[in-house]
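In the working numbering, the protein residues as written are 2 to 257.
Please read the structure below before turning to the comments.
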């Protein structure tokens with residue numbers, strides 16, 4: 002794996018900004034030219050298969066944006082295939098226990114840090130152009146592993162989860178958290194905010210990076226001020242819709 006600029010920025014303490022990709026390779030490439038730090042190719046809520054996801058990864062590399070894949074579930078095979086395809090990291094939903102956190106962390110890394118299946122004839126190793134020993138060492142060092150904390154059970158077990166070796170970012174999913182608390186979609190409900198703040202404080206104490214998602218820019222400052230350094234805004238589709246509406250509203254005013 003090549004040097005991971007996203008991981009470098011996170012280690013430097015910088016706030017890194019990204020969004021979810023639902024619209025494919027062209028959208029990924031445009032996000033890179035737009036200056037985003039990272040794009041998460043969404044295989045949980047998106048409609049991608051692995052060949053199309055691989056094209057998104059190529060588009061990210063061309064335009065200078067770091068790429069991660071959000072897998073559909075905490076399945077070691079999905080994690081391995083994502084990194085083999087050349088993604089610089091994986092974002093893993095539905096992690097509710099330290100046991101699952103350990104499972105997915107090890108799936109993202111080769112021995113001795115993990116048990117990722119070894120094959121050097123993959124895109125991540127330039128189809129065997131990179132010697133296996135070099136590929137294994139650099140991949141273990143550079144891969145970014147992001148796990149979702151998005152349920153009340155996960156929050157209860159977060160102190161054990163956070164100690165799992167190989168976890169780079171704990172990502173708080175406010176929408177699923179709101180649902181698990183019985184207030185679906187109410188991401189500003191005090192119960193949701195309180196749980197998120199609790200995890201962010203714990204992350205800061207343990208030296209682990211925290212992340213979250215916001216729909217609109219004006220929501221971001223609250224979480225950045227509390228220590229979030231891996232921040233996701235909307236999706237490529239959401240950004241397109243929002244800007245389209247804003248521009249169209251401006252044009253219609255000219256026509257009235």
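Beta carbons: idealized from backbone N, C-alpha and C, even for Gly.
Nothing here was measured: the structure is a model prediction, and the numbers come from that model.
Tell me, to the nearest whole angstrom, how far the beta carbon of residue 142 is from that of residue 67; I am working on the premise that it is less than 8 angstroms. What you label residue 142 is simply residue 141 of the chain shown in a count that begins at 1. What you label residue 67 is simply residue 66 of the chain shown in a count that begins at 1. Not quite, the Cβ-Cβ distance comes to about 15 angstroms (not below 8 angstroms), so this is no contact.
For residue 242, is the classification buried or exposed, using 16 other Cβ atoms within 10 angstroms of its Cβ as the cut-off for buried? Position 241 of the chain shown holds residue 242. It counts as exposed.
Short Cβ contact (9 angstroms threshold) for residue 126 with residue 115: Taking the chain shown and counting its residues from 1, one reaches residue 126 at position 125. Taking the chain shown and counting its residues from 1, one reaches residue 115 at position 114. Against a cut-off of 9 angstroms, the Cβ pair of residue 115 and residue 126 comes out as no contact.
Check whether the Cβ atoms of residue 106 and residue 139 sit closer than 9 angstroms, and answer yes or no. Taking the first residue of the chain shown as 1, we reach residue 106 at position 105. Taking the first residue of the chain shown as 1, we reach residue 139 at position 138. The answer is no: Cβ separation not under 9 angstroms.
What is the C-beta distance between residue 119 and residue 156, in whole angstroms, given that I count them as a contact (C-beta under 8 angstroms)? What you label residue 119 is simply residue 118 of the chain shown in a count that begins at 1. What you label residue 156 is simply residue 155 of the chain shown in a count that begins at 1. Contact doesn't hold; Cβ gap of about 35 angstroms is too wide.
Residue 104 to residue 180, Cα distance in whole Å? Numbered from 1 along the chain shown, position 103 holds the residue referred to as residue 104. Numbered from 1 along the chain shown, position 179 holds the residue referred to as residue 180. Residue 104 and residue 180 have their C-alpha atoms spaced approximately 25 angstroms apart.
Is the distance from the Cβ of residue 84 to the Cβ of residue 137 below 9 angstroms? Locating residue 84 in the chain shown gives position 83, where the first residue counts as 1. Locating residue 137 in the chain shown gives position 136, where the first residue counts as 1. No, Cβ-Cβ distance for residue 84 and residue 137 is not below 9 angstroms.
Host alpha helix (DSSP H) of residue 255 (start-end): For the purposes of this step, residue 255 is identified with residue 254 of the chain shown, where counting begins at 1. 237-256 is the span of the alpha helix (DSSP H), which, as asked, contains residue 255.
Which residues bound the alpha helix (DSSP H) around residue 179? Along the chain shown, read from residue 1 onward, the residue named residue 179 stands at position 178. Note, residue 179: alpha helix (DSSP H), 175-181.
Would you tell me roughly how many angstroms separate the C-alpha atoms of residue 191 and residue 76, rounded to the nearest one? For the purposes of this step, residue 191 is taken as residue 190 along the chain shown, with counting starting at 1. For the purposes of this step, residue 76 is taken as residue 75 along the chain shown, with counting starting at 1. Taking the straight line joining both Cα atoms gives about 33 angstroms.
Quick check: what's the CA-CA separation for residue 151 versus residue 43? Residue numbering aside, residue 151 sits at position 150 when the chain shown is read from its first letter. Residue numbering aside, residue 43 sits at position 42 when the chain shown is read from its first letter. The C-alpha of residue 151 lies about 16 angstroms from the C-alpha of residue 43.
Where the beta strand (DSSP E) containing residue 72 begins and where it ends: Here the question's residue 72 lines up with position 71 in the chain shown. That residue, residue 72, is in no beta strand (DSSP E); it is neither H nor E in DSSP.
When DSSP builds the beta bridges, which residues end up paired with residue 17? As a position in the chain shown, residue 17 is number 16, starting the count at 1. Answer is 231, bridged to residue 17.
Give the straight-line distance between the Cα atoms of residue 224 and residue 194, rounded to the nearest whole angstrom. As a working mapping, residue 224 is identified with position 223 in the chain shown. As a working mapping, residue 194 is identified with position 193 in the chain shown. Each residue's Cα considered, the two are about 10 angstroms apart.
So what does DSSP say about residue 92, is it helix, strand or coil? As a working note, residue 92 is residue 91 in the chain shown. The answer is strand: DSSP assigns residue 92 an E or B state.
Are there 16 or more other CB atoms within 10 angstroms of the CB of residue 255, so buried, or fewer, so exposed? Counting from 1 along the chain shown, the entry for residue 255 is found at position 254. So residue 255 ends up on the exposed side.
Proximal residues to residue 102 (C-beta, below 7 angstroms), its chain only, five neighbours per side dropped: In the chain shown, residue 102 corresponds to position 101, counting from 1. The residues are 96, 148, 162, 165 and 168.
Measure the Cβ-Cβ separation of residue 232 and residue 41 and say whether it is below 9 angstroms. Residue mapping note: residue 232 aligns to position 231 of the chain shown, counting from 1. Residue mapping note: residue 41 aligns to position 40 of the chain shown, counting from 1. Not in contact: residue 232 and residue 41 (Cβ atoms no closer than 9 angstroms).
Contacting residues, own chain, Cβ-Cβ under 8 angstroms from residue 153 (five flanking each side not counted): If you number the chain shown from 1, residue 153 lands on position 152. 178, 181, 182 and 196.
By how many angstroms is the C-alpha of residue 220 removed from the C-alpha of residue 213? Here residue 213 corresponds to residue number 212 of the chain shown, with the count starting at 1. Here residue 220 corresponds to residue number 219 of the chain shown, with the count starting at 1. Their backbone Cα atoms lie some 11 angstroms apart in a straight line.
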